[in-house]
Amino acid sequence: MSKIIDELLYSESHEWVKVDGNIAIIGVSDFAQEEMGDITYVDVPAEGDSVTKGEDFGALESVKASSELYSPVSGEVVAVNEELEDKPELINEDPYGAWIIKVEMSDKAELEGLLSAAAYGEIAK
Amino acid sequence: MRYYDKLIFELSHPGRTGYSLPASRQYPFFAEKCSSGAAADSAGFATVLPNNLLRGTALDLPEVSEVDVARHYTNLSQMNFGVDTGFYPLGSCTMKYNPKINEEIANHPLFTGLHPLQPAETVKGAQEVIDGLDKALAAITGMKHFTFLPCAGAHGELTGLMLMREYHMARGDAARTKVIVPDSAHGTNPASAAVCGLEIVEVKSGADGLVDVESLKPLLGPDIAGIMMTNPNTLGLFERQIGEIAKLVHECGGLLYYDGANMNPLLGKVRPGDMGFDIMHLNLHKTFSTPHGGGGPGSGPVGVGERVLPYLDVPRTSGFHGNFGVMLRAYAYILMLGKQNVKMAGPLAVLGANYIKESLKDCYKLPIPTVCKHEFVFDGLIDDGAREGKAGATTLDVAKRLLDYGFHAPTIYFPLLFHQAIMIEPTETESLETLDEFIAVMRKIAAEAAEDPDILHGAPHNTPIGRPDETAAARNPILKA
Chain A
1 MSKIIDELLY SESHEWVKVD GNIAIIGVSD FAQEEMGDIT YVDVPAEGDS VTKGEDFGAL
61 ESVKASSELY SPVSGEVVAV NEELEDKPEL INEDPYGAWI IKVEMSDKAE LEGLLSAAAY
121 GEIAK
Chain B
1001 MRYYDKLIFE LSHPGRTGYS LPASRQYPFF AEKCSSGAAA DSAGFATVLP NNLLRGTALD
1061 LPEVSEVDVA RHYTNLSQMN FGVDTGFYPL GSCTMKYNPK INEEIANHPL FTGLHPLQPA
1121 ETVKGAQEVI DGLDKALAAI TGMKHFTFLP CAGAHGELTG LMLMREYHMA RGDAARTKVI
1181 VPDSAHGTNP ASAAVCGLEI VEVKSGADGL VDVESLKPLL GPDIAGIMMT NPNTLGLFER
1241 QIGEIAKLVH ECGGLLYYDG ANMNPLLGKV RPGDMGFDIM HLNLHKTFST PHGGGGPGSG
1301 PVGVGERVLP YLDVPRTSGF HGNFGVMLRA YAYILMLGKQ NVKMAGPLAV LGANYIKESL
1361 KDCYKLPIPT VCKHEFVFDG LIDDGAREGK AGATTLDVAK RLLDYGFHAP TIYFPLLFHQ
1421 AIMIEPTETE SLETLDEFIA VMRKIAAEAA EDPDILHGAP HNTPIGRPDE TAAARNPILK
1481 A
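Chains as they are written, first to last, in this note's numbering: chain A, 1 to 125; chain B, 1001 to 1481.
Here it is as structure tokens:
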């Protein structure tokens, strides 16, 4: 049974979002990392890039597959977790600690379309 | 299997040779030129060659006897696994037996002696082979003509998509920048489209594993260059709605691309051209029996229908005429089978796949329980042996355990639709005895997993190399010695 954190929001494509004021901190769920297996590479955008809700902003590669990362919100990338470049395994070890990007949201109303922990729990099994 | 990993240089012993020739006759030309008439040693060469053409150091060649050489290469060859050594049910790869007559013909001196820069009028025979193969493939697929430049399947996809783009550009239809790819597609499809500068739009499969026409409709519009499809698809299922799909895509102004990786079950029975496809590639190395998968180069000829025919000569994606040796083998295969027998490959491949599927579906999860074509997909074990505090056996474990029993593993973790996918394609080559043996082993592995999954976790136990650490290799690749 994979772990789901109550305070976070989730997308159907298995990203999690932690809201901090106008900033959305984005990562992938425990379920996603379990399904992917050992992550070997994280492809991320650059700071200053813009991301659009529902469109891919990067990708995860594992021994099994490559999987796109879809942005749960729109806005501008204000930070990228550079630690993941050398240590992609952090996503396997601590998926809710290993955030991938931070986005300054252009439309906070988009958060309303995301899933609660309970609703995500129905998908992630 | 006995482990053997020596280099032939490690067998070298100073002065040991595999030949014996009279010294004066080793190099008659030099012997004549050398004033002394003595053996053409390096001093001898120096009398006839300028200094800048002479090596400064001795040539480092292994000094071995004939038996050393014979044993060395025989031992190395035994470290290999191929269709000549055993059953190789690698899904979507069509690892059928490669008849030896293909090799005999491809190795004929009249062909091996050809040079790609020879004047065209001196290679009429080779040209006749290419033309004959073009005609045969056109008849099999319902396309008008083929280009043989692409050297493998993905190369063919790229060539085909360049043709698709050329078709739209020539009509001044530059806004068509998107290609629709089903979620069950081979990974090369979206990759080729991306390399070609096209945007990828995914269309979902329905619960029956087929492209959902209702999901497709809203995607179609003036920005769609075309759709790439594999039929039967990677689940081994025939896309029964292909007629409707072709109509819809053509109506919106797009083209249909056929990924020929799964052409085998349709040979002589159903033609992509008749299904409405405009462009396609074939994998000669799969469907038409030439060595591949590390055993030889590929060939991915691209065929086109009426709409795209005027642009066939546009993309020059390789030099000369492509991999001629592969084309020669494929042509030999087609001519040896003949029109009647070509039609038997598909039904026998389909029979074999369904036989394995039905014989194992009580041990392995069968997500789509319908009649399949040449291949099918299981979604892991029904009882993986997982108990309180004990991890169950995964698809990877099953595949590794198969190696212990002397079979090549099937394709695993593809297609991505099923998380424990095992994709099995037996091909028409295999006898009932081989299929029964494989089924018995797969059942035995399922029983082992249910009883003690650790047997599978530790597999393979009988191969020279166990489990390479794929994760470490991917995270920290060593690309230079």
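Here a beta-carbon is modelled for each residue, glycine too, at the ideal position from N, C-alpha and C.
In this structure, the beta-carbon distance from Val103/A to Val77/A falls below 8 Å. The straight-line gap separating the alpha-carbon atoms of Ala1120/B and Pro1415/B is approximately 45 Å.
Neighbours of Ala32/A across chain B, judged by C-beta separation under 8 Å, do not exist; the nearest C-beta is about 12 Å away.
Interface flag for Ala1474/B against chain A is set, since a Cβ pair is found closer than 8 Å.
When the five nearest sequence neighbours on each side are left out, the beta carbons in the same chain lying within less than 8 Å of the beta carbon of Thr40/A are those of Glu61, Ser62, Val63, Pro88, in order along the chain. DSSP, reduced to helix, strand and coil, places Ile1242/B within a helical segment of the structure shown.
Residues of the stretch 44-65 of chain A that bring their beta carbon within less than 9 Å of a beta carbon in chain B comprise Glu61, Ser62, Val63, Lys64, Ala65, in sequence order.
For Thr1471/B, the nearest CB of chain A lies under 8 Å from its own CB, placing it at the interface with that chain. What Pro88/A touches in chain B, judged by beta-carbon distance under 7 Å, is Arg1475, going in chain order. Selection Ala1170/B, Ile1279/B, Glu1214/B, Ile1455/B evaluated against Leu1248/B yields Glu1214/B as nearest (Cα-Cα). Residue contact check for Asp38/A against chain B: a CB pair falls below 8 Å. Between Glu35/A and chain B, the shortest Cβ-Cβ separation is below 8 Å. In this structure, the straight-line span from the alpha carbon of Asn1354/B to that of Lys108/A is close to 53 Å. Each of Leu1255/B, Val1069/B, Arg1071/B, Tyr1405/B was checked against the Cα of Met1169/B, and the nearest Cα belongs to Leu1255/B.
Within the stretch 1408-1421 of chain B, contact with chain A at the beta-carbon level (separation under 7 Å) is assigned to Tyr1413, Leu1416, His1419. Taking the C-beta atoms as reference points, Arg1016/B is found nearer than 8 Å to Val1064/B.
By the criterion of a C-beta distance shorter than 6 Å, Leu1216/B is surrounded in its chain by Val1203, once the five residues flanking it on both sides are discounted.
For Gly1153/B, the enclosing alpha helix (DSSP H) begins and ends at 1153-1170.
Straight-line measurement puts the Cα of His1013/B at about 52 Å from the Cα of Asn1189/B.
Segment contact: the stretch 1385-1400 of chain B against the stretch 3-21 of chain A, fewer than three CB-CB distances shorter than 8 Å; contact not assigned. For Ala1332/B, the CB contacts under 7 Å within the same chain, skipping 5 residues up- and downstream, are Ile1101, Asn1102, Ile1105 in chain order. Around the beta carbon of Asp1084/B, fewer than 16 other beta carbons lie within 10 angstroms, which makes this residue exposed.
Take Lys1178/B, set aside five residues on each side of it, and the residues of its chain with a beta-carbon closer than 7 Å to its own are Leu1198, Glu1199, Val1201, Asp1223, Ile1224, Ala1225, in chain order.
Distance between Lys53/A and Leu114/A, taken at the CA atoms: about 11 Å.
DSSP places Met1229/B inside the beta strand (DSSP E), whose first and last residues are 1224-1229.
For Ile25/A, the three-state secondary structure derived from DSSP is strand. The straight-line gap separating the alpha-carbon atoms of Lys1096/B and Thr1287/B is approximately 8 Å. Distances from the CA of Gly1380/B to each of Glu1239/B, Gly1389/B, Lys1365/B were compared; the closest alpha carbon is that of Lys1365/B. If you keep only unbroken alpha helix (DSSP H) runs of at least 4 residues inside the stretch 1279-1348 of chain B, you get 1284-1287. With contacts defined by Cβ atoms closer than 8 Å, Met1228/B and Ala1193/B form a contacting pair.
Of Asp30/A, Ala65/A, Gly75/A, the smallest CA-CA separation from Ile1412/B is found for Ala65/A. For Lys1373/B, the number of other beta carbons within 10 angstroms of its own is at least 16, and it is reported as buried.
Following the DSSP letters along the chain, one finds Ser1215/B inside the alpha helix (DSSP H) bounded by residues 1213-1216. In the three-state reduction of the DSSP assignment, Val1249/B falls in the helix class.
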